[in-house]
Every structure is written in C-alpha cells, then in structure tokens.
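Participant: First the structure, then my questions, so here it is.
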Amino acid sequence: MNTAASIGPVQFVSLAYFICIVISLGVAWIIRLLFSGIKLQRNIFSVKAIAVKVNEKKNLLQQKER
Amino acid sequence: MSPTDILNLFQGVATMVTGDPMIAIGRIILIAVGITLVFLGAKGTLEPLIMIPMGVGMASVNAAVLYLTATTTGTIFIDPMVSDPAKLLDALQINFLQPIYTFTFSNGLIACLLFMGIGVITDVGYIMMAPFSSMLIAIFAELGTILTFPIAVWMGLTYKEAAAISVVGGADGPMVLFTSLILAKDLFVPITIVAYLYLSLTYGGYPYLIRLLVPKRLRGIKMDLKNIPKISRSEKITFSIITCTILCLLFPVAAPLFMSFFVGVIIKESNVKRFVEFIEGPVLYGSTFFLGLLLGVLCEAYTILNPKVLTLLILGMIALLISGIGGIIGGYIMYFLTRGKFNPAIGIAGVSCVPTTAKVAQKEIQKVNRNAIILPYAMGPNISGVITTAIIAAIFVTILR
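Which chain is which? The protein sequence lines are A and B, in order. For the first sequence, my numbering assigns the number 2 to the initial residue and increments by one for each residue that follows. For the second sequence, my numbering assigns the number 150 to the initial residue and increments by one for each residue that follows.
Written out as structure tokens, the structure reads:
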C-alpha cells in the first residue's frame, strides 16, 4: 500500500497493466509450449509406430523371399 | 387508543413517519426500485436469476424497518456492520439471513462458489485453440478497468475504493464482489449492486456499441471453422492445473478464486458427472440465488444512501463502456494482423461476461451474415477475459491490501 501511495494513480495503474500483460501473454505462451510439446510427443509416437510397421513389413518380405 | 399507539402497531410505517425524512424518502424509492427490478427481471429485460431475488429483498428490507429498542431502528434480516463477537452471536441468533451473510458472504466464499460454477460451464479448449489472439483481445478489453482507476482517484475515491470500482470494467460479478470485500468493505454493497445492475444491462447496451464501432461490411466477415484444432481432455486438464498453480504461486491473495475456477474446469474435463451436476446445479444456482437475495437485503436505505453512490454509478458505466470499446479495438488489431480474416466484432467478447458478450457478438454478426458462425472464436477471448480480470484484481489486491 505504501508503495502504491507513493506513486501517482496513472503510474500505479500502468505498472498493474504492464504486469497483467506480461502474465497474460505468459499464460498464452504456456499453452503454446504445451501444444508444441504434445505435438512433438505425438510425432515421436507416430514415427515410432511407422518404424515398427516398416520393420514388420520388411520382416514379412524377407520371410517371403526365403 | 391514541393515533401514535395505532401507528406503533405497524412499525414499518411508524419508523417511516417518525424517522429522518430523507431516509423515509430513500426507503420509498428503494421499495419502488425493488418492485421495478422484479418486474424487469420477470420480463427478461434484466438478468432474472439475480434481479428477482434482489428486487424482492430490496423491497422487503426497506419496508420491514422496526424499533429494535426504544430509540434505535433496524431489521431482523441482517446486520452487515456488526463486528463485536458477542453482538455477532446475538445477530446470528436473531437475523434470519445473518448466518448466510457471515459464513459465506463476508469471507468471499460465495464468490468462490460462483467461480466454481463458472469453471464447470467453461470450456478452456476455446482459449487453447488461439491463445495469443484471445489474450490480446482480453488485454485490450481490460482498458476499462485500467482507465477508470485514475478517473476514480480524481473523483475523490481512495486507491482501494478506486481499484474496487474499476474492476467492474472486467465485467465479472464474483470478481467485483471479491475485490470490494477485501479492498473497500464499507462500499462493497453499492459497488457490487452497481456491478450486477450494469452487467445485466450489457446484453442490451453492447449490441449498439458494436453497431456504432464496426461497419456492416466488417460485421459480416466469416471465420474459418475448418481448421479449428481439436483439444483433448488431457490437454485441457494439463493446461488448467499448470496455469492454476502458477497463478496461485504469483498471487496467493487471489488463490481461492483461481483454485475455485480451475477446480471447476478440471472436474468438468475429468467428466466426474456427479460433481459436475452438483456444482453446475445446486452450487451455482444456490449461490446465485443467495447472492441476489443478500444484495437486495443489503440495500437498506441506511446502508445504501451513501454520497459516493452517484460517483460509483458514473464510474461503473465508464468502466464497462471503455472495456467494450477496448475489446473492439483489440478485434480491429486482430483484423489488421490477419489481413482482414478476423471479424472485429468478436472483440466485444473480450469483456469477460461469460458467455453473454460472446453471445451478443454472435447475435449481432448473424444479423448481418446468417452463415457467419463466430462463437468458437468469441469464447476464447471471453474466457481469457476471466483470466485477465482475475490477474488485474489479484494485482490490485496484492499491492493495495
């Protein structure tokens, strides 16, 4: 309260708005980060799944060739 | 039997005749206002869930003033000013609404219960599909809160009172209640009443603001609904718990509000049906009913006739007007950033009156272009508005408390 009373209302509210902008954009950034992490994980899973399938097909082909 | 004795039989009338004429006039006006609120609520012009119990409470409490002792008058509804423990115990045994006021209102519990209800009916997926644009619009829609604060100080309010009334710009009833209870306890009744009164009027006023600031051509812009990403429940839960923890860590004073909101969201996304039904039914509607009733009962002439009420009425209107304009400015910025692909009227949804402002935007846009569906895009800024308002309120409370 003392800090707030020592500065004018415009300065006080500008400071509050600045903090609000930083935190709000921070929340948006968390969402973006979360999404990119989840997407990356999904990609890794799908690449792994494809690799497993390719391996299975390779094995089948090799067995057929034999 | 003298006329005075007969009058004393009907103490509501006796206190009006023998008391201060200004208070008597105030009581009559408030009774009339209460009756009007009931009719406007029943008609649907104002929000019926709040206005009907509030109107009944307002009319009844101002009629039912009686002699508590030979010299003092009051009611047996509630005593909001009692603080001495012994007197409080008496009040709890005499005033029928005192237990609800003392145990749910004055500690902010009712605001938290309402926030839980809002959480349960909120889908955070909308904000997650376009986080930056949603937050940007919501930040602009906070301009009402920001600009009203210095105006309120210039009009003679203290920093705490100014902060409490300027939060009306966030258009979030429980948030106003929470902030004013902490920062301006003497003024929380008129501030909360001003907030709820204006919030029910936004549904009527904001369409005109959209029509005034957004030309017909731009109001008809269709939004792309094909490329909306699907958000899974686990993603929503992860986002909610992380954001809740971070916000509680940053602003412990407002942690009850953050926790209440996000616990609602998480319960909904976890699909715990019994809890969802309990919170969105009995908790949300029960709290809304008692909030309305208590606000009405608190509108007793002695409490409400405060010289600052007119100032609060003006400031509340300024806050909501600037917030609406700010939201539309945010909408225009998104319109320019996306090179004309974003409908600027969506900006009004940044004012966090969930989901009223999003519905208002959808309704106004559909009047121009029947095929334009913008609700998924409007809900993002709408929910972001709840978060930005909570952040600003938390900053005010933390610094000024």
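Glycine included, C-beta positions come from ideal geometry on N, C-alpha and C. Being a predicted model, the structure only gives us computed values, none of them experimental.
Which class does L215/B belong to by DSSP, given the choice of helix, strand or coil?
Facilitator: DSSP places L215/B in strand when its eight states are reduced to three.
Participant: In chain order, what are the residue ranges of uninterrupted alpha helix (DSSP H) at least 4 long that sit wholly in the region 224–271 of chain B?
Facilitator: 234–243, 258–269
Participant: With a threshold of 6 Å on Cβ separation, who are the neighbours of A498/B within its own chain once the five nearest residues in sequence on each side are excluded?
Facilitator: Within the same chain, A498/B has close Cβ partners T506, A507, A510, A527, P530, N531.
Participant: Using CA atoms only, rank isn't needed, just tell me which of M278/B, L358/B, L246/B, L263/B is closest to S381/B.
Facilitator: M278/B
Participant: Taking the CB atoms as reference points, tell me whether S329/B and T341/B lie closer together than 8 Å.
Facilitator: In contact: S329/B and T341/B (Cβ atoms closer than 8 Å).
Participant: Using DSSP with H/G/I as helix, E/B as strand and the rest coil, what is T538/B?
Facilitator: helix
Participant: Taking 8 Å as the limit between beta carbons, can you name the residues of its chain near F252/B, skipping five residues before and five after?
Facilitator: L258
Participant: Counting only Cβ pairs nearer than 7 Å, list the residues of chain B close to A29/A.
Facilitator: P280, F281, M284
Participant: Does DSSP classify T222/B as helix, strand or coil?
Facilitator: strand
Participant: Which of the three DSSP states is assigned to V458/B in this structure?
Facilitator: helix
Participant: So, for G266/B: in the same chain, excluding its five sequence neighbours on each side, which residues have a beta-carbon less than 7 Å away from its beta-carbon?
Facilitator: G413, I428, E429, V432, L433, S436
Participant: Consider the Cβ of E384/B: report whether some Cβ of chain A lies at a distance smaller than 8 Å.
Facilitator: yes
Participant: Could you confirm whether any beta carbon from chain B is found closer than 8 Å to the beta carbon of S25/A?
Facilitator: yes
Participant: When the Cα atoms are used, what is the spatial distance from F159/B to F245/B?
Facilitator: In this structure, the straight-line span from the alpha carbon of F159/B to that of F245/B is close to 21 Å.
Participant: Tell me where the alpha helix (DSSP H) around G445/B begins and ends.
Facilitator: 433–447
Participant: Check whether the region 460–471 of chain B touches the region 311–322 of chain B, counting contact only when three or more Cβ pairs, one atom from each stretch, lie closer than 8 Å.
Facilitator: yes
Participant: Excluding the 5 residues flanking V458/B on each side, which residues of the same chain have their C-beta closer than 6 Å to its C-beta?
Facilitator: P339
Participant: Tell me, to the nearest whole angstrom, how far the beta carbon of G204/B is from that of L186/B; I am working on the premise that it is less than 8 Å.
Facilitator: 3 Å
Participant: Going by beta carbon distance, what residues of the same chain come within less than 6 Å of M408/B, once the five residues before and after it are set aside?
Facilitator: No residues qualify anywhere along the chain.
Participant: Out of A173/B, E513/B, I495/B, K309/B, which one is the CA nearest neighbour of D372/B?
Facilitator: With the sequence shown as reference, residue 372/B is identified as Met, and Asp is not the correct amino acid for it. Taking only the C-alpha atoms, the option nearest M372/B is I495/B.
Participant: Check whether the Cβ atoms of I276/B and S501/B lie closer than 8 Å to each other.
Facilitator: Note that the C-beta distance between I276/B and S501/B is not below 8 Å.
Participant: Please list the residues of the region 521–537 of chain B that have a C-beta atom closer than 8 Å to any C-beta atom in chain E, keeping them in chain order.
Facilitator: In the displayed structure, chain E is absent; the protein chains listed are A and B.
Participant: Using a C-beta to C-beta distance shorter than 7 Å, which residues of chain A count as neighbours of T487/B?
Facilitator: Here the premise fails: no neighbours, minimum Cβ distance about 16 Å.
Participant: Is it a yes or a no for the region 169–184 of chain B touching the region 446–457 of chain B, going by three-plus beta-carbon pairs under 8 Å?
Facilitator: Proximity of the region 169–184 of chain B to the region 446–457 of chain B meets the contact definition, three or more beta-carbon pairs being nearer than 8 Å.
Participant: My output table needs one value for F491/B: the three-state DSSP class, helix, strand or coil.
Facilitator: coil
Participant: Any beta carbon from chain B within less than 8 Å of V14/A's own beta carbon?
Facilitator: For V14/A, the closest Cβ of chain B is nearer than 8 Å.
Participant: Tell me whether G206/B counts as near the ligand GDP, meaning its Cβ is closer than 7 Å to at least one heavy atom of that ligand.
Facilitator: Here there are no bound small molecules, and the ligand GDP is not part of this structure.
Participant: Rank I295/B, A163/B, T224/B by C-alpha distance to the C-alpha of S15/A and give the top, closest one.
Facilitator: Nearest C-alpha to S15/A: I295/B.
Participant: Of all the residues that make up the region 46–59 of chain A, which are near chain B by a beta-carbon distance shorter than 9 Å?
Facilitator: none
Participant: Short of 7 Å in beta carbon distance, which residues of its chain neighbour C397/B, apart from the five on each side in sequence? Order them along the chain.
Facilitator: A404, F407, M408
Participant: Flag this pair as touching only if the region 189–203 of chain B and the region 212–226 of chain B have three or more C-beta atom pairs under 8 Å; answer yes or no.
Facilitator: no
Participant: Just to confirm the assignment, what range does the alpha helix (DSSP H) spanning M372/B have?
Facilitator: That residue, M372/B, is in no alpha helix (DSSP H); it is neither H nor E in DSSP.
Participant: Hey, out of Y347/B, L361/B, A543/B, A521/B, whose CA is closest to P401/B's CA?
Facilitator: A543/B
Participant: What separation, rounded to the nearest whole angstrom, lies between the Cα atoms of T537/B and K54/A?
Facilitator: 47 Å
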